[in-house]
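Please read the structure below before turning to the comments.
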Amino acid sequence: MDLNLTESELKFRDDLRAWLKENLPEKPIKAESDNDPEYWNALRDWQKQMFEGGWAGVTWPKEFGGRGATSIEAGIYMEEMAAFDAPERVGTIGEGLIGPTIMAEGSDEQKEFFLPRILNATDIWCQGFSEPNSGSDVASLATKAVLDGDDFVVNGQKIWTSYAKVADWCLLLVRTDNDAPKHKGISALLVDMKSEGVSVRPLRQMSGESAFNEMFFTNVRVPAKNLIGKLNDGWRITITTLMNERANLGSSIYIMFKNNLDKLLGRMKELKRGGIRLADDPINRQKVAQMYLELEIFKLTTNRALSKIAKNATPGPEGSILKIYWSEMNQRFVQSTMEILGDQAQLQDFDDGSWVHAYLRSRGNTIEAGTSEIQRNIIAERVLGLPRSY
Amino acid sequence: MDLNLTESELKFRDDLRAWLKENLPEKPIKAESDNDPEYWNALRDWQKQMFEGGWAGVTWPKEFGGRGATSIEAGIYMEEMAAFDAPERVGTIGEGLIGPTIMAEGSDEQKEFFLPRILNATDIWCQGFSEPNSGSDVASLATKAVLDGDDFVVNGQKIWTSYAKVADWCLLLVRTDNDAPKHKGISALLVDMKSEGVSVRPLRQMSGESAFNEMFFTNVRVPAKNLIGKLNDGWRITITTLMNERANLGSSIYIMFKNNLDKLLGRMKELKRGGIRLADDPINRQKVAQMYLELEIFKLTTNRALSKIAKNATPGPEGSILKIYWSEMNQRFVQSTMEILGDQAQLQDFDDGSWVHAYLRSRGNTIEAGTSEIQRNIIAERVLGLPRSY
Amino acid sequence: MNFDLSKTQKMLQDASRTFFQRECPIAKVRELIDSEHGHDSALWTRIAEQGWTGLTLPEEHEGLALSLVDLAVVSEEIGHCCLPSPFVATTWASSLIDSSGNAELKKTLLPSLALGESIATVALLDEDSDWNPATVTMSATSSDAGVVLSGSKRLVLDAGVADTLLVVARIQDDLVIAVVDKTASGLRMEPTPGMDLTRRYYQVDFENVSAEILASGAEAEAALKRSIQIGAIVACADLLGGMEWVLKTTVEYARSRQQFGKAIGSYQAVQHQCSDMLLMNESARSATYYAAWALHENDPAGDEAVGIAKAYCSEAARLVGNSGIQIHGGIGFTWEHDLHLYYKRAKSNEYLFGDPSHHREQLAQLIIN
Amino acid sequence: MNFDLSKTQKMLQDASRTFFQRECPIAKVRELIDSEHGHDSALWTRIAEQGWTGLTLPEEHEGLALSLVDLAVVSEEIGHCCLPSPFVATTWASSLIDSSGNAELKKTLLPSLALGESIATVALLDEDSDWNPATVTMSATSSDAGVVLSGSKRLVLDAGVADTLLVVARIQDDLVIAVVDKTASGLRMEPTPGMDLTRRYYQVDFENVSAEILASGAEAEAALKRSIQIGAIVACADLLGGMEWVLKTTVEYARSRQQFGKAIGSYQAVQHQCSDMLLMNESARSATYYAAWALHENDPAGDEAVGIAKAYCSEAARLVGNSGIQIHGGIGFTWEHDLHLYYKRAKSNEYLFGDPSHHREQLAQLIIN
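Quick look at the structure:
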């Protein structure tokens, strides 16, 4: 057990820091509106710049244009990007989910065509998994694809799709066999979002913004060569993609929460209530210490997981533990914040409404990317070996 | 809405208070050992004395020797008995569970024979429901009764039986039809505990005492006339008994916890830790206020339930809400106590070990008389109308 | 002892539920949310016609002279329909006036408030103060007409539509409650929108504003305390009505939403959350109505009963809201679904009239000292 | 960065698990529970033969000079088998001696402690003091041989079998750590049994007891602080081992126990509790081993890491125990089942070296100031 970074890990970190210091955009990239094309272009430029600097797809093997970074280096990467407050990575779904899926399952032609375009931000990707009637039960999806000549014809609706408004391509799960058991009749298609019959509608969240979308597919023709993997083998591919989704996030989440906690601590030192500095109230002190300790333990468990992945290559269902941990921690976190800061924290113009937004946004944490209930089922069944409950 | 006691309720309370002041044993009845016959005789005497004073079976109809008290008066009764720290009512199972069952389901002969003996403490009762392999799933019980001439022959084992060591009679659930669905093959027998083949073994709890027992039945002959209700109709009778078990307890529980809370507040005012009086520590103040408020709300909801029962005559599944409430409240309660009092509270000789005992005993609260899980199922299904989950 | 509502209270309950279902369905709520003041004066008039703006005020001042239990009944329905309106502000202010000993100002102010012809609010919180009036520091100076006020108040409910502001300040050590007309010179207000879309908060600045005195010293303290307690009852009942809506809506969803071939309400993970929601809802109901009754009866337990109710209901409504959103899944997290309106309102109610931590400390004082 | 145990640490883990499974199965634990001192000197000798009584002590004093991570490894196994022994007391005391600058007393005391030939303990808590040494008030007076002690100490671990007591007192404002031999005149001790059946606590009274000085002033403070931190690591690892046992035992039970025709582990109400138990167990593991590593490395984060671990593990073990008993149902509530041994031990560990509230306040000082 040695928690110091190794020499090569240190070098990785220092190289990245140096590059970021040199290349980070001078002013933050911010959207003027939900549909600001300048914003998305700037993000694409940033992704391209990262690619050119060798900092896109860091975990991808070198043969596919990546850097071959270890899981620990990937953690460092996420942490530093967050610490430098680097712009949002618009290629994140392509890099983290689609790319690895194409590398594992794609044809040579698919690899050659798609992989470079992901790294240099030619293509932004989204993933079309969830449907209105299949939330936790993803495999019950109803979007249908029927082979007609050389094309699949796709009809159906997807929901909760990030980046759908700007995406060039979509990894779409479709039902290709209605008679097979639900897991056995699903295929995965690579769909050009500019195809005729694709439409996207933004979905506003209770926290105000529209980070997710609904997608509608009406007689969309998808060339058969854009099937990834085998026909009706889409479910297995999905599982791999979903596993990748849960790993690796921890390091950037940690920094995000850490920044919030630092901001809170700053406020606690400045503000008074009833004549007492917030930071001097023993009850507030207990609360903020609890927040701090839970957050630090999150980092530690994330690092333990990365350290394990570094040896075993693939993330396992233990990712569910981290998902539950951070999502529920954040919900306690925002409530404690609201209690500590008191009634002013509910105001939209207090600290730019960031506490209000954090409070509301946190309710989605235990729903998105697999609800806490589903994650607990996964842990019970796949980690603890308990019998299936549903 | 009028939460003042009515004139007749006030009279009931004042009569009881007057009687208790006159009749309460001068020194508390305490057991020297787990098997102290003097203790049990003294409790029988107390029960007899209460009967003679007209204070046994207060809710029983007057025709059966009771006082015909309303549910609200029954609540007052429990509260006053607890407030006066009156001795344990050894006839409580007979009065609260068996008597009402015999009144509803028993033959005239059974009523005539058993009911008076319950009130005057001639017979102490226990109930034989749970078995080692049927805890939450009571209906899966395996203790078997086979009709042989004029007798049932009973074989099997029961567990978690209060009063079994001293009981004269047992309301025993047995399987009388192995081929019927599990709920349809159960009968209820009134079993003389002095019958040959009955043996009792005390079961020690983690809190140290042995308030529960195991009972073993080996070829025990029970006269067929001691069947209560119809053959194979025992499950319906059980449900009625279990419903009665959950109602009505609230008022005495409230006083018990209230006494503990007062003791805690006293300690908080006396004791210091690190130079600070426990009662002056803002964190302790939050904790004790939370305990106080939860307890008061318990009393209010109990009173609301009693007020409702007074109109509708029978307790409903809402009793499950109170059961969950008090059992989980008590578990938070004892933990807060341990936190407030600090490390000395773990000592067996601190306040006679009462905090240690309360802490440990509380773990049984969410298991006994229907686990919290079962209670939540009951609420979900029978109150909220959600589909069955198991 | 009878915990049930009386026959007339049940009639009031039915009448107010029917009224708000008809007059303020959720589409109307959303319309009002998008309006400047979150207030519809026509609707306010209809509410006043029912007598609910003067529910507990004396008959001599055009009120119905009903009890605080009745006020809780109507407030619960207001919470249940998520009504945007100056009901909380006006009820607080009129209770404050009514609790004072100032017969003249009662006569001047109360009738038009009771009849819904005017709206009032209370400006209590200073920059640094909390809901304990002892922490108010804004200082006032005596003048011929009464006092002159300078300073700022935050989180003033519905100041934008209020005709009268009751301002809590201090002349030396003495608390003073000053009556400020909306037209007073030196008065400035700015909306400070909160998380709750159905309520309007303002920052109000005073620069040498002349005002009459409603009450001062011990009388002001007592009147303020009682009015805050009445406000707390209103907030608790509002929370209760909201909880009830969330519970009902969630249980319905859990019965109908299918996943893995079964209604999600057949999974224990969902069932048990629903059961806890019911438990909290029932407990909040006990606490709220008891507090209303005890405060109305001037029962010695009234002080603690109000604190108990406010601390409990605030936490319960939040937890019920959490589960409600969780059980709904993604759809419960959208702007389109109405859950968030209740969830956000629960947060503003949590703070209003003192948060749980405040009330626990108050309660500790009562039980320790 | 490698969070895995090293090869030799894994060997130590295997060796200690095998050792304790063989030497101290649960029947042996129950036997020791019923003994006067909860200590088996023959078993202690065998533990000492493994070197574990001197695991982190310097080689020159007959120790193995291993790291605090190794100490956590062995302590986890001790917690896993629920060993009754003076391991915590002796480890705390020897760490305190080792952390002092008193070369002579180190030479006198450490070797026999390391070799298991003697046992020591620390007497820290006064009637009113907590785990912050600044709150110790017991006063000592200087004498020729060192100091003279009068007063009382509570919750002294294993005083009944200790050959040496390290007593924390104060000469005026200065902290002093005094070394008291069990034979010293004026020393009186009385067992004060706790909830934890596997540990022995004592009240120790001092009446003009002469003692040597191990350290005083800032040196005493520093040594005491470090030894308490090392003690906290031992307690965390002990809690972790216990949690692991409870989790494993509970999951096995949930797999085999049938109700309503199915294993109870197939009900979400049980499954989800088990999942949370695993989450807490994993989190406690991260916190404990990181704290051991950071403290050993004198990492600047060491102080906070220990507090984090102790606060978290204390709560986690209790919650894991709660669920363990709940899932077992009635049988888990019996004296016969072993769960309660772990449950009660978790409570004594919760208090030892500071409870969560204490550590959160310490942590607040670190992050706020």
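Protein chains in written order, with the working numbering: chain A, 917 to 1306; chain B, 917 to 1306; chain C, 7 to 375; chain D, 7 to 375. By construction, the Cβ of each residue, glycine as well, lies at the ideal position given by its N, Cα and C atoms. As the structure is a prediction and not an experimental result, all values here were calculated from the model.
Alpha carbon of residue i to alpha carbon of residue j, nearest angstrom
i: R205(C); j: D1197(A); result: 30 angstroms
i: Q1247(B); j: A1096(A); result: 50 angstroms
i: T1282(B); j: V1250(B); result: 14 angstroms
i: F980(A); j: L1031(A); result: 7 angstroms
i: S2(D); j: L1211(A); result: The displayed coordinates of chain D run from 7 to 375. Any statement about residue 2(D) would go beyond what the structure contains.
i: H1273(B); j: G1124(B); result: 8 angstroms
i: E225(D); j: F25(D); result: 37 angstroms
i: I333(D); j: Q274(C); result: 15 angstroms
Residue i versus the options, residue with shortest Cα-Cα distance
i: Q178(D); options: A146(D), M7(D), L102(D) and Q279(D); result: A146(D)
i: T1154(A); options: A1055(A), A1195(A) and N1071(A); result: A1055(A)
i: D320(D); options: Y348(D), E303(D) and I333(D); result: Contrary to the premise, residue 320(D) reads as Ser rather than Asp in this sequence. Residue Y348(D) is the option with its Cα nearest to S320(D).
i: G330(C); options: S1223(A), R1279(A), T1217(A) and E1112(A); result: R1279(A)
i: D244(C); options: D76(C), L77(C), G69(C) and E82(C); result: E82(C)
i: Y259(C); options: S216(C), D187(C), D202(C) and I337(C); result: I337(C)
i: V80(C); options: E367(C), L38(C), T340(C) and A298(C); result: A298(C)
Short CB-CB distance (under 9 angstroms) between residue i and chain A
i: Q277(D); result: yes
i: L369(D); result: yes
i: Q1202(B); result: yes
i: H346(C); result: yes
i: N8(D); result: yes
Residues of its chain near residue i, where Cβ-Cβ distance is below 8 angstroms and the 5 sequence neighbours each way are ignored
i: E1025(A); result: K1141
Proximity test, Cβ basis, 9 angstroms: residue i and chain D
i: R1304(A); result: yes
i: Y295(C); result: no
i: P1048(B); result: yes
i: Y208(C); result: no
Chain B within 9 angstroms of residue i, Cβ atoms only
i: W299(C); result: yes
i: T141(D); result: yes
i: P1198(A); result: yes
i: K268(C); result: yes
i: N287(D); result: no
i: M17(C); result: no
i: P199(D); result: yes
i: R28(D); result: no
Chain C within 9 angstroms of residue i, Cβ atoms only
i: E1212(A); result: no
i: D918(B); result: yes
beta-carbon residue i near the ligand MN non-hydrogen atom, thresh 8 angstroms
i: V153(C); result: Ligands are entirely absent from the displayed structure, and the ligand MN is therefore not among its contents.
Chain-order list of residues whose beta-carbon lies under 6 angstroms from that of residue i (same chain, five-residue window excluded)
i: N951(A); result: none
i: T1288(B); result: Before going on, a small fix: residue 1288(B) reads as Ser here, not Thr. Cβ neighbours of S1288(B) beyond the five flanking positions: I1240 and T1282.
i: M283(C); result: L253, V326 and S329
Minimum Cβ-Cβ distance from residue i to chain E less than 9 angstroms
i: D1084(B); result: Among the protein chains in the structure shown, which are A, B, C and D, there is no chain E.
Same chain only: Cβ atoms within 7 angstroms of residue i, ignoring 5 sequence neighbours per side
i: L246(D); result: E82, G85, A290, R291, T294 and C319
- prompt: In the region 273-320 of chain D, which residue ranges form an unbroken alpha helix (DSSP H) of at least 4 residues, counting only runs that do not cross its ends?
  reply: List check, alpha helix (DSSP H) in window: 274-302.
- prompt: Which runs of the beta strand (DSSP E) spanning at least 3 residues fall entirely within the region 1055-1084 of chain B, listed in chain order?
  reply: The region 1055-1084 of chain B contains these whole beta strand (DSSP E) runs: 1060-1064 and 1067-1075.
- prompt: Which runs of the beta strand (DSSP E) fall wholly inside the region 105-149 of chain C and span at least 3 residues, in chain order?
  reply: Secondary structure in the region 105-149 of chain C: the beta strand (DSSP E) runs of 3 residues or longer, each lying completely within the stretch, are 126-129 and 146-148 in chain order.
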